[in-house]
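Visitor: For this note's numbering, count along the sequence shown from 1 and bump the result up by 9.
All residues carry an ideal CB built from backbone N, CA and C; glycine is no exception.
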Amino acid sequence: MGCPAGSEDRQRAFYEGVLGWTELPKPPLLAARGGCWFQVPGLSGPDGELHVGVEQDFRPAHRAHPAFVVDIDATAGALVAAGYPVEWADPAEIPGRRRFHTRDGVGNRLEFLSPEGH
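1) Distance, Cα to Cα, residue 94 vs residue 59?
2) Counting only runs of 3+ residues fully inside the segment 22 to 68, write out the beta strand (DSSP E) ranges in chain order.
3) Looking at C-alpha atoms only, which residue of 36, 104, 75 is the closest neighbour of residue 110?
4) Using beta-carbon positions only, say whether residue 173 and residue 19 come within less than 7 Å of one another.
5) With distance defined between alpha-carbon atoms, name the residue in 32, 39, 28, 14 nearest to residue 85.
6) Beta strand (DSSP E) containing residue 78: first to last residue?
7) Using beta-carbon positions only, say whether residue 11 and residue 62 come within less than 7 Å of one another.
8) Near residue 21, which residues of its chain fall below 7 Å by C-beta distance, leaving aside the five closest residues on each side in sequence?
9) Indicate whether residue 13 and residue 67 have their beta-carbon atoms separated by less than 7 Å.
10) How is the beta strand (DSSP E) around residue 118 delimited, first residue to last?
11) Am I right that residue 118 and residue 72 are in contact with their C-beta atoms under 8 Å? What's the rounded C-beta distance?
12) By Cβ distance, which residues of its chain are closer than 8 Å to residue 129, with the 5 residues on each side in sequence left out?
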């Protein structure tokens, strides 16, 4: 996931402040490049890491996106409360999965899905 130089605080406000994801320390040689890393929580414990890197010619991802399996109602509620858009997808597209899209602190597209069968 990319971000423009100097936007790390906006990304922290979104991923840590709104979503509640923990920021991970970057190794010193990588920290010098900017960006920030976050622990992606799963429904039953840590489920991965999101690495946000500085791109000099940054353009937000408008179509391509990562998708995260979450407590869909809690995540949508946190985003709406913080003023972020929640755009629910057509349930016929992926039967049995509730999902929505939003944009992070710099405009990257993200998808959030319920676990299968929920």
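Guide: A quick look at the data gives this:
1) Looking up residue 94 in the sequence shown gives position 85. Looking up residue 59 in the sequence shown gives position 50. Whole-angstrom Cα-Cα distance: 21 Å.
2) Segments of the beta strand (DSSP E) lying fully in the segment 22 to 68: 45 to 51, 54 to 63.
3) Translated into the one-based positions of the sequence shown, residue 110 becomes position 101. Taking only the C-alpha atoms, the option nearest residue 110 is 75.
4) What is shown of the chain runs 10 to 127, which leaves residue 173 out entirely.
5) The residue labelled residue 85 in the question sits at position 76 within the sequence shown. Selected option, being the one with the closest Cα: 28.
6) Within the sequence shown, residue 78 is the residue found at index 69, counting from 1. Unbroken beta strand (DSSP E) run through residue 78: 76 to 78.
7) To locate residue 11, count along the sequence shown from 1; it is residue 2. To locate residue 62, count along the sequence shown from 1; it is residue 53. Less than 7 Å separates the beta-carbon of residue 11 from that of residue 62.
8) Sequence index remark: in the sequence shown, residue 21 carries index 12 (1-based). Only 32, 45 meet the Cβ criterion.
9) Working through the sequence shown from its first residue, we reach residue 13 at position 4. Working through the sequence shown from its first residue, we reach residue 67 at position 58. Yes.
10) Here residue 118 corresponds to residue number 109 of the sequence shown, with the count starting at 1. Residues 118 to 122.
11) To locate residue 118, count along the sequence shown from 1; it is residue 109. To locate residue 72, count along the sequence shown from 1; it is residue 63. The pair is a contact, with the Cβ atoms about 7 Å apart (cut-off 8 Å).
12) Within the shown structure, residues of the chain are numbered from 10 to 127, placing residue 129 beyond reach of any answer.
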